[in-house]
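*Asks:*
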Amino acid sequence: MASTLYVARNSPVHRLNPVTKLVAMVCLLVVVFAAPFWWVSGGVVLLVLVPAAILSRCGTQVARVSLTILTPIVVALFIVQGLTFPGGTTSLWHWWVLDLTTEGLMFALGISSRVICLVVASILFVLTTHPGDLLSALTERGMSPKFSYIISSTLQLIPAFRDRADGILLAQQARGLAVGEGLRGRVRAMMPLLGPLVLGMFTDVEERGTAMEARGFGSAARRTSLTSVPDSTGQRVARWLMPVVALAAIVLPIATGAL
Amino acid sequence: MSQSAPSRTTDANRGRHAILVGLGTVIVVATYLYLVLGRPAEVAESSTSQASLIAIAGYVVGAILLAAGSIHRLPTATIAMVPVAIALNIVVGQIVAVLGIPVYLDSIGTVLVSALAGPAAGVVTGILTNVIWGLTLSPIALPYAVVQVVIGVMAGYSARIGVFRRGWLAPVAGLVTGIVAAIISAPISAFVFGGATGGGTGAIVGAFQAMGQSVLGAATLQGLLSDPLDKAITFTVVALILAALPTRFRQRFPFVRQYNVLGTARRSADRNGA
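Note that the protein sequences, when read in sequence, are chains A and B.
My numbering numbers the first residue of the first sequence as -16 and each following residue consecutively.
My numbering numbers the first residue of the second sequence as 141 and each following residue consecutively.
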């Protein structure tokens, strides 16, 4: 699986069952979105995500990928909502139509804290979970193996697709196709090549389909899995407790009148 | 030689899958109506509302149910095609994102699969595109899975009513699909991401808000500026690809034959020319 972000390390987080991690991520996100106060999200990041990232021994990668994704969003959020938030009443600074309001900044703070949680939790999950393990674990629990096939196949296809495009480009260059400099020039040169690229890949599909059917792909019979994914009683218990916590997070703010 | 659906689907299974699809649709529509009709003022007041949880939860659960109900309708030939379509979505979408053009072009594969194999295939392609995009590139794509599902459904039904038979109808269908996609995705942009999914879109949302729109209104208008154009281009590209595919390959799909997706005019031309 060449194209996922997965980083292989030997850490307690990596060794957890993928379904446990998935349930944990979902419950975490439910908590953060159900109690949408910025200090809840901040607490989750500091008390849960950062320690987990450190424990997983790929903290630097988590930080790097998350920052790359988050920076444009958070910056845009603070600028846009800080300056033009429609519900803003307490103005700190004013110029033409732009109005820096505390409500706008608080709105941006609330939203960005949740988005940070979302992104960091997902990145941590993806970096510590091998996709093959995740798919095996989910298929064992009843997900259709067709989903497993599609996801695994796509993850292998994406680099193959890119290689094929490069190959066509090189072949055309050998025939005298002029390639402009930079990415823009490359893409403009690739436009007339997309046709054969796409058509070539789709006609491969025929052979693929026949091969799959010959191996009993569409059969509804239950399969025995070759890879076994480790699990433990502690994790099984945790997988029941976490949704309870999440449910409490949904109910409590309404019950105590904070929302 | 034609591929047919696995004959072991029992009536009970088919009923269960239909229920999943129905339930998924109801949840998605109900979520949208609740967000737009029930809570538009809340986002204008503050960010502390449960609307964001409902937005994500409703859309994600709905999309999962739709996919779970649709996957079993797909014969093996279609399933063999889905990874190629998803790879097409992601590679083209990624190239376009890097180039910084204000379109997405990340649903060419979804529309193509829907046109060849029906809306159910488009649903599966759509949701898994966003899942894999989330796994490999950026988790921001995950809440938007339901938008690709809607695109797949609309493309499939457009193909059924014969949109791809005439060259000029495809961009029109794309325009309509883009409008629906913009409307459905606006609550996610507004409630989950506060209107800012990147520099360019953020600036446009800010401009609309400065003109007096609510966050949801600004996000909807920003979507309406870019999605219809993007989907019109997508549908046109797909129409071109469909026209260029060999007839032998096209006619292999029961959906294409049953609904006469690509018209019969070509067949006489092929008989004479080939």
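For glycine and all other residues, C-beta sits at the position ideal for the given N, C-alpha and C.
In this text the structure is predicted, and so the values were computed from the model without any measurement.
#1: Could you check how far apart the C-beta atoms of residue 63 of chain A and residue 345 of chain B are, in whole angstroms? I think they sit under 8 Å.
#2: Just the chain A side, please: which residues come within less than 7 Å of residue 279 of chain B by C-beta, in chain order?
#3: At least one CB of chain A closer than 8 Å to the CB of residue 223 of chain B: is that the case?
#4: What residue from A:115, A:227, A:180 and A:153 has the CA that sits closest to residue 0 of chain A's CA?
#5: Between which two residues does the alpha helix (DSSP H) containing residue 149 of chain A stretch?
#6: Mind pulling the alpha helix (DSSP H) runs of 4 or more residues that sit fully within the segment 223 to 296 of chain B?
#7: Hey, is the segment 213 to 228 of chain B in contact with the segment 135 to 148 of chain A, meaning 3+ C-beta pairs nearer than 8 Å?
#8: Residue 95 of chain A lies in the alpha helix (DSSP H); which residues open and close that run?
#9: Is DSSP giving residue 214 of chain A helix, strand or coil here?
#10: What does residue 337 of chain B touch in chain A if you count any residue whose Cβ is under 7 Å from its own?
#11: Would residue 367 of chain B pass as a contact of residue 321 of chain B if the rule is Cβ separation under 8 Å?
#12: Is the number of C-beta pairs between the segment 242 to 256 of chain B and the segment 375 to 385 of chain B that are closer than 8 Å three or more?
#13: Can you pull the chain A residues whose beta carbon is under 7 Å from the beta carbon of residue 334 of chain B, in chain order?
#14: At least one CB of chain A closer than 8 Å to the CB of residue 247 of chain B: is that the case?
#15: Shorter than 8 Å from the beta carbon of residue 342 of chain B to some beta carbon of chain A?
#16: Return the bridge partner residues of residue 76 of chain A from the DSSP annotation.
#17: Pull up the distance between the alpha-carbon of residue 236 of chain B and that of residue 237 of chain A, whole angstroms please.
#18: Return no unless some Cβ of chain A is closer than 8 Å to the Cβ of residue 411 of chain B.
#19: So residue 256 of chain B and residue 393 of chain B are supposed to be a Cβ contact under 8 Å. How far apart are they, rounded?
#20: Quick check on this structure: which residue in B:332, B:292, B:328 and B:305 has the alpha carbon closest to the alpha carbon of residue 316 of chain B?
#21: Among the residues of its own chain, which have a CB less than 8 Å from the CB of residue 109 of chain A, if the five just before and after it don't count?
#22: Would you say residue 11 of chain A lies against chain B (beta-carbon separation less than 8 Å)?
#23: Just verifying my parser: in three-state terms, what is the DSSP assignment at residue 18 of chain A?
#24: Can you give me the Cβ contacts of residue 340 of chain B inside the same chain, cut-off strictly under 7 Å, excluding the 5 residues immediately before and after it?
#25: Quick one: measure Cβ to Cβ for residue 430 of chain B and residue 194 of chain B, integer angstroms, because I've assumed they're closer than 8 Å.
#26: Buried or exposed for residue 211 of chain A, please, with buried defined as at least 16 other CB atoms from any protein chain shown within 10 angstroms of its CB.
#27: Contact defined as beta carbons within less than 8 Å: I believe residue 39 of chain A pairs with residue -3 of chain A. What is the distance between those atoms, to the nearest angstrom?
#28: Tell me whether residue 20 of chain A, by its Cβ, gets closer than 7 Å to a heavy atom of the ligand NAP.
#29: Using the beta-carbon of each residue, which ones in chain B are nearer than 9 Å to residue 134 of chain A?
#30: Going along the chain, which residues of its own chain have a beta-carbon closer than 7 Å to the beta-carbon of residue 370 of chain B, five neighbours each way excluded?
#31: Within a Cβ cutoff of 7 Å, which residues of the same chain sit near residue 160 of chain B, ignoring the five residues on either side of it in sequence?
#32: Nearest by alpha-carbon distance to residue 82 of chain A: which of A:70, A:93 and A:92 is it?
#33: Is any beta-carbon of chain B found at less than 8 Å from that of residue 1 of chain A?
#34: With a floor of 4 residues, list each alpha helix (DSSP H) that falls wholly inside the segment 312 to 383 of chain B, ordered by position along the chain.
#35: Should the segment 2 to 21 of chain A be called in touch with the segment 117 to 128 of chain A, which here means at least 3 C-beta pairs below 8 Å?
*Replies:* To lay it out plainly:
#1: Against the first sequence, residue 63 of chain A aligns to sequence position 80. Against the second sequence, residue 345 of chain B aligns to sequence position 205. By a beta-carbon distance limit of 8 Å, residue 63 of chain A contacts residue 345 of chain B. Their separation comes to about 6 Å.
#2: Taking the first residue of the second sequence as 1, we reach residue 279 of chain B at position 139. Chain A residues near residue 279 of chain B: 101, 102, 105 and 106.
#3: For the purposes of this step, residue 223 of chain B is identified with residue 83 of the second sequence, where counting begins at 1. Cβ-Cβ to chain A under 8 Å: yes for residue 223 of chain B.
#4: Counting from 1 along the first sequence, the entry for residue 0 of chain A is found at position 17. Ranking the options by Cα distance to residue 0 of chain A, first place goes to A:115.
#5: As a working note, residue 149 of chain A is residue 166 in the first sequence. Residues 128 to 157.
#6: 248 to 257 and 259 to 276
#7: These segments touch.
#8: The count along the first sequence starts at 1 and reaches residue 95 of chain A at position 112. First-last of the alpha helix (DSSP H) with residue 95 of chain A: 85 to 111.
#9: As a position in the first sequence, residue 214 of chain A is number 231, starting the count at 1. Correct three-state label for residue 214 of chain A: coil.
#10: Walking along the second sequence from the start, residue 337 of chain B turns up at place 197. Simply 56.
#11: If you number the second sequence from 1, residue 367 of chain B lands on position 227. If you number the second sequence from 1, residue 321 of chain B lands on position 181. Yes; because the gap between Cβ atoms is below 8 Å, this pair is in contact.
#12: yes
#13: On the second sequence, position 194 is the one that residue 334 of chain B refers to. The contacting residues are 60, 64, 90, 91 and 94.
#14: The count along the second sequence starts at 1 and reaches residue 247 of chain B at position 107. No, residue 247 of chain B lies away from the interface with chain A (no Cβ there is under 8 Å from its Cβ).
#15: Reading the second sequence from its first residue, position 202 is the one you call residue 342 of chain B. By this cut-off, residue 342 of chain B is an interface position.
#16: As a working note, residue 76 of chain A is residue 93 in the first sequence. A:83, per the DSSP bridge assignment.
#17: Taking the first residue of the second sequence as position 1, residue 236 of chain B is located at position 96. Taking the first residue of the first sequence as position 1, residue 237 of chain A is located at position 254. Their backbone Cα atoms lie some 43 Å apart in a straight line.
#18: Locating residue 411 of chain B in the second sequence gives position 271, counting from the first residue. Residue confidence is low: residue 411 of chain B scores 44 on pLDDT, short of 50, so the model does not pin down where it sits. Its coordinate-derived value is still stated next. Under the 8 Å criterion on CB atoms, residue 411 of chain B is classed as non-interfacial with respect to chain A.
#19: One-based indexing of the second sequence puts residue 256 of chain B at position 116. One-based indexing of the second sequence puts residue 393 of chain B at position 253. Indeed, because the Cβ distance is near 5 Å, the residues count as touching under 8 Å.
#20: To locate residue 316 of chain B, count along the second sequence from 1; it is residue 176. For residue 316 of chain B, the closest of B:332, B:292, B:328 and B:305 by C-alpha to C-alpha distance is B:292.
#21: Here the question's residue 109 of chain A lines up with position 126 in the first sequence. A distance below 8 Å between beta-carbons, with the five flanking residues on each side excluded, links residue 109 of chain A to the following residues of its chain, in chain order: -13, -12 and -11.
#22: Mapped onto the first sequence, residue 11 of chain A falls at position 28. Not an interface residue.
#23: Within the first sequence, the letter at position 35 stands for residue 18 of chain A. Coil at residue 18 of chain A, not helix or strand.
#24: Taking the first residue of the second sequence as 1, we reach residue 340 of chain B at position 200. Once the five neighbours on either side are set aside, the close Cβ partners of residue 340 of chain B are 242.
#25: Lying outside 141 to 414, the shown extent of chain B, residue 430 of chain B is not represented and no answer is given.
#26: Working through the first sequence from its first residue, we reach residue 211 of chain A at position 228. So residue 211 of chain A counts as exposed.
#27: Within the first sequence, numbered from 1, the residue matching residue 39 of chain A stands at position 56. Within the first sequence, numbered from 1, the residue matching residue -3 of chain A stands at position 14. Confirmed, Cβ separation roughly 6 Å.
#28: No copy of the ligand NAP appears in this structure; indeed no ligand is present at all.
#29: In the first sequence, residue 134 of chain A corresponds to position 151, counting from 1. 223, 226, 268, 271, 272 and 275, listed in chain order.
#30: Translated into positions along the second sequence, residue 370 of chain B becomes position 230. Answer for residue 370 of chain B: 243, 244, 245 and 318, listed in chain order.
#31: For this step, residue 160 of chain B is matched to residue 20 along the second sequence. Hits under 7 Å: 205, 208 and 209.
#32: The residue given as residue 82 of chain A occupies position 99 in the first sequence. Checked all of A:70, A:93 and A:92; the closest Cα to residue 82 of chain A is A:70.
#33: Residue mapping note: residue 1 of chain A aligns to position 18 of the first sequence, counting from 1. Chain B, which has no Cβ nearer than 8 Å to the Cβ of residue 1 of chain A, makes this no.
#34: 339 to 350
#35: yes
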